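Worksheet: the structure to be examined is printed underneath.
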Amino acid sequence: MYQKMKNYYSPLFLKVIICTLFLLSVSACKSYNDSKLSTNTLRVGVALYTQDDTFIASIVQNLEKLARENENDTKNLKINLTIMDGRSNQTTQMDQIDQLIRRDYDILCVNIVDRTAASVLIDKAKESNIPVIFFNRQPVAEDMERWENIYYVGSKGEEGGVLQGQIVLNAWLNNKSLYDKNNDNIIQYVMLEGEPGHQDALLRTEYSVKTLTDNDIAVEKLSSDSANWSRSQAATKTSEWINEFGKQIEVVFANNDDMALGAIDAFTEAQLDIPLIVGVDAIEPALDAIKSGTLYGTVKNDAVGISNNMMELILILYNGDDPKDKMQIDDEHYLWLPYEIITR
Ligand code: GAL
Ligand code: CA
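In our numbering, the protein residues as written are 241 to 584.
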């Protein structure tokens, strides 16, 4: 037995071992170099609630630009973005996500149709070990806790509301004689709300007005209704209000720019002076309207910042690094982008 053991360490045996190790290391080097030369493809599925939304379109446009830029930077990486249009239907979107999971995509970016319906989606992604980056439409907090590889990139609806309220507050305090048409020291306003149930619709509606009342400004709501983020629906709604309230309307709050532009369309059509109208997003046509003086102000919802953060997160996850070491992530899951006031 002792004799047998000893044989393992004979010079011949050692030579064999050394040769084997050498060959193994050469072949390891070779395959490492091979993979360096060949192109790696990063496949990202991007599921949108609808393609028919101006602000979302600007996020997607920038994501595509960033994908091209990052391909150039790291020459052996190709980034495929597959964009899916959920057509405002959660069942349609779920089918699309099932497809992306079946095709084994590396990462999913989800602009979820129904923000209360994230749990099934998260469980499926977890089962297949595919990280999910939600953006712009925020799942409820409990669902976000279902798995560590779940992220949300967006802005705080509450903050958008506060800043929008501040725009109106400053205009009112600085030029009350102009805006208080009936001289009663009260703001008569209408509110164009986004989609019912959307965090930004609920919070912007609440906090814009709260900012005024917190500053001891008296307000009177003439009317409010949802126009689903849509310019044409907002124009129709505002025309009704113009018929009902006419010149009594002193301020129009719109939860987003598209609806603010719809309100401007309605006042223009009715050939009435345009009251103080404020939006949120800072989309291109809204910035033009601010320049021309029809839109008083907006709050920038940072589409570029959102897409930049998404791409950074995508690359970190793809490289197998921990995003928490490299980015500012709150409560394990959230990447927040600040809003910003824009007036003339
Ligand atoms: C909001 C944005 C709206 C609309 C909506 C879609 O943040 O202000 O214009 O794009 O998201 O989820
Ligand atoms: Ca008044």
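The beta-carbon is built from N, C-alpha and C at its ideal position, and this holds for glycine as well.
Just so we're clear, the structure is a prediction, and the values are computed from it rather than from any experiment.
query, result
"Strand pairing of Tyr-574, partner residues [DSSP]", "Tyr-392 and Asp-570"
"Segments of 3+ residues assigned as beta strand (DSSP E) that fall wholly inside the region 274-336", "280-288 and 317-325"
"Element boundaries [beta strand (DSSP E), containing Gln-428]", "426-433"
"Segment contact, 8 Å Cβ cut-off, at least three pairs: the region 423-436 with the region 381-398", "no"
"Unbroken beta strand (DSSP E) run spanning Lys-540, endpoints", "537-540"
"Nearest to Asp-420 (by Cα), restricted to the options Ile-370, Gly-394, Asp-440 and Leu-516", "Leu-516"
"C-beta atoms of Ile-299 and Ala-543 nearer than 8 Å", "yes"
"Inter-residue Cα distance where the pair is Arg-444 and Glu-490", "19 Å"
"CB of Val-539 within 8 Å of CB of Ile-581, strictly", "yes"
"Proximity to Ser-479 [Cα-Cα], best of Leu-432, Asp-565 and Tyr-289", "Leu-432"
"Distance cut-off 7 Å: Lys-416 Cβ against heavy atoms of ligand 2", "no"
"Of the listed residues Leu-462, Asn-559 and Gln-404, nearest to Thr-583 (C-alpha basis)", "Gln-404"
"Opening and closing residue of the beta strand (DSSP E) in which Leu-555 lies", "Careful: Leu-555 lies outside any beta strand (DSSP E), inside the alpha helix (DSSP H) at 543-558."
"Val-296 Cβ short of 7 Å to ligand 1 heavy atom set", "Before going on, a small fix: residue 296 reads as Ile here, not Val. Yes - ligand 1 has a heavy atom lying nearer than 7 Å to the Cβ of Ile-296."
"Coil, strand or helix - Phe-262 by DSSP", "Reliability of the predicted coordinates at Phe-262 is poor, the pLDDT of 46 falling under 50, and no value is obtained from them."
"Endpoints, alpha helix (DSSP H) assigned at Ile-482", "471-485"
"According to DSSP, residues forming a beta bridge with Glu-580", "Lys-540"
"Cα-Cα separation, Tyr-558 to Trp-387", "17 Å"
"Proximity test, Asp-513 beta-carbon vs ligand 2 heavy atom, cut-off 7 Å", "no"
"Environment of Gln-336 [buried if 16+ CB atoms lie within 10 Å]", "buried"
"Terminal residues of the beta strand (DSSP E) in which Ile-457 lies", "No beta strand (DSSP E) contains Ile-457, which DSSP labels as neither H nor E."
"Nearest candidate by alpha-carbon position, reference Ser-472, set Ile-341, Ala-500 and Asn-455", "Ala-500"
"Where the alpha helix (DSSP H) containing Ile-362 begins and where it ends", "358-367"
"Beta-bridge partners of Ile-347, as assigned by DSSP", "Val-284"
"Cβ-based burial, Glu-309 [other Cβ within 10 Å; buried from 16]", "exposed"
"Closest residue to Glu-382 among Asp-513, Val-360, Val-402 and Glu-367 (Cα-Cα distance)", "Val-360"
"Ala-529 versus Tyr-536 - alpha carbon distance", "8 Å"
"Asp-570 classed as buried or exposed, judged by whether at least 16 other C-beta atoms fall within 10 angstroms", "exposed"
"Nearest-angstrom Cβ-Cβ length linking Leu-575 and Asn-549, presumed shorter than 8 Å", "5 Å"
"Any 3 or more C-beta pairs closer than 8 Å across the region 344-358 and the region 286-296", "yes"
"Terminal residues of the alpha helix (DSSP H) in which Leu-418 lies", "416-419"
"Coarse secondary structure for Val-380, derived from DSSP in three states", "coil"
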